[in-house]
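The letter at position 92 of the sequence shown is residue 92 when you use full-length UniProt numbering, and the numbering goes up by one with no holes.
Just so you know, even glycine gets a beta-carbon here, dropped at the ideal spot from N, CA and C.
Below you'll find the structure, written out as C-alpha cells, and then a few comments.
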Amino acid sequence: MTASYAPDRLCPWLTRAAALYLAAPVWVFLLTWFQPQYGVPLALMLAAGAVLTLHAPLLHTGNKPGWRGPQPLQWLLLIAVVLLWSALGGAGHLFYANAFDWHVRDALLLDLSRITGPLAVQTLPSHESWLLRCPLGYYLVPALFGRFVGLPMAQFGLLLWTALGVFLVMAQLALVRQGWKFLGLLLLLLPLYSGMDWLGGLVLFNPQPLFSTVHIQWWAYVFQYSANSTLLFWVPNHTLPGWLFAVFIYTRWHDPRGLRMLPLWLTVLPLWSPLTTIGTLPFMLVYALKHLRQRQDVITTLKLAPLFIPAAALCAYYLVLDSASVAAMSQPAQPLLARIILYVAFVVFEFVILWALLLRQRRDGLLLTTGAILLILPLFHLGPNNDLVMRASIAPLLVLCIASIDYLAQVRWSVIRERMAAVGVCTVLAIGSITALHEIARAVLWPRWDSPLTLNTFTETQGAAHYFAHVRAPWFVNMLAPINLQFVDNHGRPLPAGAKP
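Structure, rendered in C-alpha cells:
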C-alpha cells in the first residue's frame, strides 16, 4: 500500500503546530525581556493555557471520510514550492530582498541576535533614551538561533523560520480537498493571488507596466491591498500570523470546538503584528456569535481565558508604549467626489468583482464577513503609510484567496452556469497575477545583496517612533530584565564600543 498521512489525524496536529509556532516567540519574549519573578509565572500560565486549549479534539476538515491524505510526491512538491517561495521573499538573502524594508528587518534581527533581553538606545551627549518597542514575533526565535550559532547564521535561521510558517499555511490547506486538481490550484494560485492592480491603474489613468520588475501596488495612491507574494516578500512579519489565522478560521468555521482557541490567538497575534490582529477581530466576533449556542464550548473558553489575560495584557502594554508619537499618513486634499471615485475603483478592482462572483456560488457568514472588512478598511487611516489598510487586510484577503481556490476545485465545467462563473473567476485571477509576477521577477532578476553584520535598528530607522519609545512608566521598567544599552550620537550614528556617558 502506498504510504500516506491520514488527514483526520494530521489536520488537528497541524492546527496545533500553527498555534505553537505563533506562541513560541511570546514565550521567548516573556522569559528573556522580563525579570524571572514576572516572566516565568506568565510564561507558565501561557503554557498551561496552551496545553489545555490544544489537547482538546478538533474536527477533521478534509472533505471525504476515508481519504488518506496527500501522497509523498504531493508533499515533496508542496515543500519544494514552500522553500522556493520563501527564499524568493528575501529571507536568507539567497535572492534579491526588497531593500526598502529588508535593511531594517536585517538590523532588527542582528540587534536581537547580539543580545538577550530588552534593548535601549541612548544618544550622547543629549542623554535621551528610547526602548526598542515594535512587534518582535517574527524575529525572536531566529535571533535566539543566531545568538547561539553565530550572527552570520541568523539569516539562515530566519529563512527556516519563514519557510516553516509558509509550510504550516500550505500544509493545512492541502488537506481541505482531495486530489491533484486542488493541490495544483493551491500551489499555483496562492503565490500568484492579487487584486487587479494593473487594470485598476489603467482605469484611473495611472497606468502601470504590464511586464517589468517595478512595484505596481500603489495604483490607488493612498490605498493598497497587497498581493500574496508582495506580502511575503515585503512584510513576512505581518503576513505569517494573518495567514495562519485565516487558515484557522477557514478550516474551523463550522467547528465550535475551535472557540477555545480564540484566547490563545488573541494573546499571541499582537506581538507579531497589532495591525494584522485588528483584521482578525471581526472574524473572531462573528465566529463566536455563530457558535454561541454551543454552551459547553463557550463555558470552556471562558474558563481558559484567565490563563491568557496576564501575558496578553503585558504584551499589549509593551506594544502601545508611547504610541501617540506614531504618525498617521497625511491624506492629500481631494474633493469629496474624487475620494468617492477613488474608493469605489479601489474596492471594485481589488476584490469586489471576485467577491461577487464567489457569493453567487457560496453565501455564508465567512465570505460576508470577509467582504465587510475589506469594504470598511479603506475608510480608516492609521500608520506612516496607511499601514492599517495594508496589514488588517491580510487575513480577509487570504480567506478570499482560499475561497477562490476551493471554488475552482469544485466547478462542474459541464454545467454552463458554473462554467461561466468559473471563467469570470479565472479572468480576475489571471489579471491579478500580473502584480505577483512583477514581484517574483524582481526577486529573480535583480542582484542579491547582503547586509553588513554591523547594522543596528536605531540607525537604519533613524529612531522612528514605530520602532522606539520613550518609557515613562517606572513600574514597567522595573519589570524588565537588565537592559542592553546602545550609545549613538545625536545624528543616530553608533558610537565606538566602550563609549559611555
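Check                                                                                                                                                       : Outcome
Starting from Gln172, trace the alpha helix (DSSP H) in both directions and tell me its first and last residue.                                             : 154-174
DSSP on Thr116, reduced to helix/strand/coil?                                                                                                               : coil
Take the Cβ of Gly49 as the centre, count every other Cβ of all protein chains shown within 10 Å, and call the residue buried at 16 or more, exposed below. : buried
Beta-carbon within less than 7 angstroms of Met1's beta-carbon, same chain only, minus the 5 sequence neighbours each way: which residues are those?        : Here Met1 scores only 31 on pLDDT, less than 50, and its place in the model should not be relied on; the value that follows carries that caveat. So the list is empty, once near-sequence residues are dropped.
Nearest by alpha-carbon distance to Ile286: which of Phe308, Leu264, Trp253 is it?                                                                          : For clarity, residue 286 is Val in the given sequence; the question names Ile instead. The candidate whose alpha carbon is nearest that of Val286 is Trp253.
Would His93 pass as a contact of Arg448 if the rule is Cβ separation under 8 angstroms?                                                                     : yes
Taking only three categories from DSSP, how would you classify Asn484?                                                                                      : strand
Which one of Gly146, Tyr193, Val149, Ala312 has the shortest CA to CA distance from Ala23?                                                                  : Ala312
Could you check what DSSP says for Thr454 in three-state terms: helix, strand or coil?                                                                      : coil
Do Pro396 and Tyr343 have their C-beta atoms within less than 8 angstroms of each other?                                                                    : no
Which residues share a DSSP beta bridge with Val471?                                                                                                        : BP columns for Val471 are empty, so no partner.
Just to confirm, is the Cβ distance from Gly137 to Trp272 under 8 angstroms?                                                                                : yes
Rounding to the nearest angstrom, what Cα-Cα distance links Leu183 and Leu77 in this structure?                                                             : 10 angstroms
Determine whether the beta carbon atoms of Leu232 and Leu14 lie at a separation below 8 angstroms.                                                          : no
Can you give the Cα-Cα distance for Leu52 and Met261, rounded to whole angstroms?                                                                           : 10 angstroms
For a quick check, are the C-beta atoms of His291 and Pro263 less than 8 angstroms apart?                                                                   : no
So, is Asn206 buried or exposed, given that buried needs 16 or more other C-beta atoms within 10 angstroms?                                                 : exposed
Distance, Cα to Cα, Met284 vs Trp243?                                                                                                                       : 14 angstroms
What would DSSP say about Trp130, mapped onto helix, strand or coil?                                                                                        : strand
Measuring alpha carbon to alpha carbon, tell me which of Leu110, Gly279, Thr239, Cys315 ends up nearest Ser451.                                             : Leu110
Taking buried to mean at least 16 other C-beta atoms within 10 Å of its own C-beta, is Ala356 buried or exposed?                                            : exposed
Give the secondary structure of Val121 by DSSP, where H, G and I count as helix, E and B as strand, and everything else as coil.                            : strand
Using the three-state DSSP reduction, which class does Pro36 fall into: helix, strand or coil?                                                              : helix
Identify whether Pro263 lies in helix, strand or coil by the three-state DSSP scheme.                                                                       : helix
What residues in its chain sit with their C-beta under 8 angstroms from that of Gln294, if we drop five residues either side in the sequence?               : Pro256, Leu259
Would Val176 and Thr251 qualify as a contact pair, given that the criterion is a beta-carbon distance under 8 angstroms?                                    : yes
For Asp364, name the three-state secondary structure that DSSP assigns.                                                                                     : coil
Do the region 207-215 and the region 358-373 make contact, defined as three or more Cβ pairs closer than 8 angstroms?                                       : no
Kindly indicate which three-state DSSP category Pro335 falls into: helix, strand or coil?                                                                   : coil
From Pro335, Ile249, Leu375, pick the residue whose C-alpha is nearest to that of Ala403; which is it?                                                      : Ile249
Between which two residues does the alpha helix (DSSP H) carrying Tyr139 extend?                                                                            : Element bounds for Tyr139: n/a, residue is neither H nor E.
So which of Leu158, Leu266, Leu321 has the shortest CA-CA distance to Val26?                                                                                : Leu266
Please report the straight-line C-alpha distance between residue 542 and Ser194, rounded to a whole angstrom.                                               : As displayed, the chain neither begins before 1 nor continues past 501, which places residue 542 out of reach and without an answer.
When the distance is taken between beta carbons, is Ala120 closer than 8 angstroms to Leu321?                                                               : no
Measure the Cβ-Cβ separation of Leu131 and Ala345 and say whether it is below 8 angstroms.                                                                  : no
Report the three-state DSSP secondary structure of Thr2 (helix, strand or coil).                                                                            : Residue placement at Thr2 cannot be trusted, given a pLDDT of 38 that sits under 50; the coordinates are not used to answer.
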